[in-house]
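Peer 1: Counting from 1, position 171 in the sequence shown corresponds to residue 155 in the numbering used here; the numbering is continuous, with no gaps.
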Amino acid sequence: MWGFTIGRLFGIPVKLDVTFLLVLALALIGGVQVFLLIIILFGTVLYHEFVHSLVARHYGVRIEAITLFPLGGLSQMEEIPREYELRIAIVGPLSNLILAAVLYVAAMASGSAPTMTVTLDSLSYLDAFFSINLVLGAFNLVPAFPLDGGRIFRHLLAQRMDYTSATKMSVRIGQALALVLAFIGAIYNWFLILIAFFIFISGMGEMTLVSTKEALKGRTMADIMREMPPVLSPDDTVEDARAMMEDVKEHVVPVVSDGILVGIVHADDVSSVKPFLRESARVKDIYDDVPMTAQPASPADEIFQTIEQKRIDVVYVVEDSMPIGVVYKRDFELLTTLST
Ligand SMILES: [Zn+2]
C-alpha cells in the first residue's frame, strides 16, 4: 500500500492512495459533472478526516498523515488514549451531519429544500453536497469497525465490561451487520458486497490488535524474545545470505559487524541480485538499515503497537549495541493464540 503526498493542510500531509488513480481515471471518462461530484465527495471525506485529526491533535495525539482511498479516508495517528477515543470518533460523523443541517437551512433560506435525489440530468451540486454529507455522517455511525460507529459502540460497551470483551462484542455485531449488508448487496448492488467484505476484514484486524496488546500487557521484550539467529557479516557473499535464509527458514537475517548489529538482509534484497552474481556480490552492498531495535526492558505491547503502525516485520533486542535476541511480527500474534 503506497500513496503520494498531494499537499499539506494544518501541517498534516494529505496523501492519495495509488488505487485512487482508478477513481480519477473514471472521472476523466465520466466528464466534468462526474469529476465535480468526485471532488465534492472527496472534499467531504477530507473534511471528515481533518475534524478527527485536529481534535486528536488537540488531545496531544501525533498525526502522521491523512490518506484518501476510493472508499473513504484514513487518518494515520499514533495510539489514541482510551479516554479520548469517544470524542475523537464522534466528531467525524457529527461534523458531516452538522454541515448537512447548515446546507439544508441555507437552501431553505434561498427558497428550495435540498432533495436526496441526485440525477445527472438535473444535477444540483448543492443537493449532492447535502446528500453526501448526510449519507457519510449517518453511515459512519453504523456500529461496525472500521467505521466510527464501531469505536463509539465499543466505548459504550466498555463502560460495562473490559476493553477486550467490548471489542470482541462490537466486532461480532459489526460482522453480523456486514453479512446483512452483503446479502442486500447481492440483491441490489454489488458495491455493497465490497464494503461488507471491507468491514468484515477490518473487524478481524481490530480484534487481533486489541487481543494481542492485552496478551502482551506486563511483558517485556526480554520475556518474549527468541535467541539470536545465525548472523551474516558484511563481507559474506549474497549466496551465503541466500543459503542462510534457506537454513533458518526466515525471509530476513541480521548483519553483524564487530558484535554490533549494522543491518538486515531481506529475501527481496537477495533476489534483486542475479543468481550468477551472488557468489561475488557482498552482503555489505545490499543490506538495509535495521528498521527497529528495542531494549530488553521495553514493554512488549508498546513495541507491538509501533511495528503495526510502521509495518515492520522484525525487531532486534539490543543491549549496549549488542544484539541479544529477536522478535518476529508473527511471534506477537502467536502469543495471543497461546494465551487466549
Ligand atoms: Zn470517521
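All C-beta atoms, glycine included, are put in the ideal place defined by N, C-alpha and C.
To which residues of the same chain is Val246 closer than 6 Å at the C-beta, ignoring the five residues directly before and after it?
Peer 2: On the sequence shown, residue 246 is found 262 positions in, with the first residue counted as 1. Taken in chain order, the residues that qualify are Val239.
Peer 1: Does the separation of the CB atoms of Phe265 and Val222 fall below 8 Å?
Peer 2: Reading the sequence shown from its first residue, position 281 is the one you call residue 265. Reading the sequence shown from its first residue, position 238 is the one you call residue 222. Before going further, note that residue 265 is Ala rather than Phe in the sequence given. Yes.
Peer 1: Just to check my reading of the structure: Ile13 and Ile47 have Cβ atoms closer than 8 Å, yes? What is that Cβ distance to the nearest angstrom?
Peer 2: Counting from 1 along the sequence shown, the entry for residue 13 is found at position 29. Counting from 1 along the sequence shown, the entry for residue 47 is found at position 63. That pair is no contact at about 34 Å.
Peer 1: Any chance you could list the residues with Cβ under 6 Å from a heavy atom of ligand 1, keeping chain order?
Peer 2: Result: His32, His36, Gly76, Asn124, Asp132.
Peer 1: Quick one: give me the first and last residue of the alpha helix (DSSP H) that Lys(-1) is part of.
Peer 2: Counting from one through the sequence shown, the residue named residue -1 turns up at place 15. No alpha helix (DSSP H) holds Lys(-1); the beta strand (DSSP E) holding it covers -4 to 1.
Peer 1: Let me know the secondary structure DSSP gives Phe129 once reduced to three states.
Peer 2: Residue numbering aside, residue 129 sits at position 145 when the sequence shown is read from its first letter. Three-state DSSP puts Phe129 in coil, outside helix and strand.
Peer 1: Ser323 to Ile136, Cα distance in whole Å?
Peer 2: Walking along the sequence shown from the start, residue 323 turns up at place 339. Walking along the sequence shown from the start, residue 136 turns up at place 152. With a pLDDT of 46 at Ser323, under the threshold of 50, the modelled position of that residue is not reliable, and no figure is offered here.
Peer 1: Work out the CA separation of Lys197 and Asp231 for me, nearest whole Å.
Peer 2: In the sequence shown, the residue the question calls residue 231 occupies position 247. In the sequence shown, the residue the question calls residue 197 occupies position 213. If I take the Cα positions, the gap works out to 31 Å.
Peer 1: With contact counted as at least three CB pairs below 8 Å, one residue from each stretch, are the stretch 61 to 71 and the stretch 124 to 133 in contact?
Peer 2: Touching, no.
Peer 1: Considering only their Cβ atoms, is the gap separating Val310 from Val356 smaller than 8 Å?
Peer 2: A query on residue 356 cannot be resolved here, the shown segment of the chain reaching from -15 to 324 and no further.
Peer 1: I think Ile177 touches Ala166, with their Cβ atoms under 8 Å apart; what is that distance to the nearest whole Å?
Peer 2: Counting from one through the sequence shown, the residue named residue 177 turns up at place 193. Counting from one through the sequence shown, the residue named residue 166 turns up at place 182. Right, their Cβ atoms sit about 5 Å apart.
Peer 1: Taking DSSP as the reference, what is the three-state secondary structure of Thr324?
Peer 2: Here residue 324 refers to the residue found at position 340 when the sequence shown is read from its first residue. Its pLDDT being 41, under 50, Thr324 is placed unreliably by the model, and the measurement read from it follows with that caveat. Correct three-state label for Thr324: coil.
Peer 1: Going by C-alpha to C-alpha distance, which of Thr151, Met92, Lys(-1), Arg210 sits closest to Ser186?
Peer 2: Mapped onto the sequence shown, residue 186 falls at position 202. Of the listed residues, the one whose Cα sits closest to Ser186 is Thr151.
Peer 1: Measure from the alpha carbon of Glu317 to the alpha carbon of each residue in Phe4, Phe288, Ile308, then state which is nearest.
Peer 2: Taking the sequence shown and counting its residues from 1, the one referred to as residue 317 is at position 333. For the residues Phe4, Phe288, Ile308, the minimum Cα distance to Glu317 belongs to Phe288.
Peer 1: What are the complete alpha helix (DSSP H) segments, minimum 4 residues, inside the stretch 178 to 245?
Peer 2: Runs of the alpha helix (DSSP H) inside the stretch 178 to 245: 205 to 208, 222 to 232.
Peer 1: Counting only the same chain and skipping the five closest in sequence on each side, list residues whose C-beta sits under 7 Å from that of Ala170.
Peer 2: Translated into positions along the sequence shown, residue 170 becomes position 186. The answer, listed in chain order, is Ile177.
Peer 1: Less than 7 Å between C-beta atoms, sequence neighbours within five positions excluded: which residues of the same chain meet that for Gly243?
Peer 2: For the purposes of this step, residue 243 is taken as the residue at position 259 of the sequence shown. Counting only Cβ-Cβ distances below 7 Å, and skipping sequence neighbours, we find Met306.
Peer 1: With a threshold of 7 Å on Cβ separation, who are the neighbours of His36 within its own chain once the five nearest residues in sequence on each side are excluded?
Peer 2: Along the sequence shown, one-based indexing puts residue 36 at 52. Closer than 7 Å at the Cβ level, and outside the excluded window around His36, lie Ser59, Ile72, Val75, Gly76.
Peer 1: Based on the DSSP output, what are the partners of Gly309 in its beta bridges?
Peer 2: One-based indexing of the sequence shown puts residue 309 at position 325. Per DSSP, Glu211, Val301.
Peer 1: Just how far apart, CA to CA, sit Ser154 and His139?
Peer 2: In the sequence shown, the residue the question calls residue 154 occupies position 170. In the sequence shown, the residue the question calls residue 139 occupies position 155. Computed Cα separation, rounded: 9 Å.
Peer 1: Identify the continuous alpha helix (DSSP H) that holds Phe260 and give its terminal residues.
Peer 2: For the purposes of this step, residue 260 is taken as residue 276 along the sequence shown, with counting starting at 1. From DSSP, Phe260 is part of no alpha helix (DSSP H); its letter is neither H nor E.
Peer 1: Report yes if the CB atom of Tyr300 is closer than 8 Å to the CB atom of Thr277, and no otherwise.
Peer 2: Reading the sequence shown from its first residue, position 316 is the one you call residue 300. Reading the sequence shown from its first residue, position 293 is the one you call residue 277. Yes, the Cβ-Cβ distance between Tyr300 and Thr277 is below 8 Å.
Peer 1: Secondary structure at Pro77, three-state DSSP: helix, strand or coil?
Peer 2: Counting from 1 along the sequence shown, the entry for residue 77 is found at position 93. Looking at Pro77 - three-state DSSP - the assignment turns out to be helix.
Peer 1: Near Leu21, which residues of its chain fall below 7 Å by C-beta distance, leaving aside the five closest residues on each side in sequence?
Peer 2: Within the sequence shown, residue 21 is the residue found at index 37, counting from 1. Ala112.
Peer 1: So which of Lys233, Leu83, Asp304, Ile308 has the shortest CA-CA distance to Tyr31?
Peer 2: Here residue 31 refers to the residue found at position 47 when the sequence shown is read from its first residue. Minimum Cα distance to Tyr31 is reached at Leu83.
Peer 1: So what does Ile270 bridge to, in DSSP terms?
Peer 2: Indexing the sequence shown from 1 puts residue 270 at position 286. Looking at the DSSP assignment, Ile270 forms no beta bridge with any residue, so it has no partner.
Peer 1: Give me, in chain order, the residues of the same chain whose beta-carbon lies closer than 8 Å to that of Glu190; leave out the 5 immediate sequence neighbours on both sides.
Peer 2: Your numbering for residue 190 matches position 206 in the sequence shown. Cβ neighbours of Glu190 beyond the five flanking positions: Phe129, Pro130, Gly134, Thr151, Val155.
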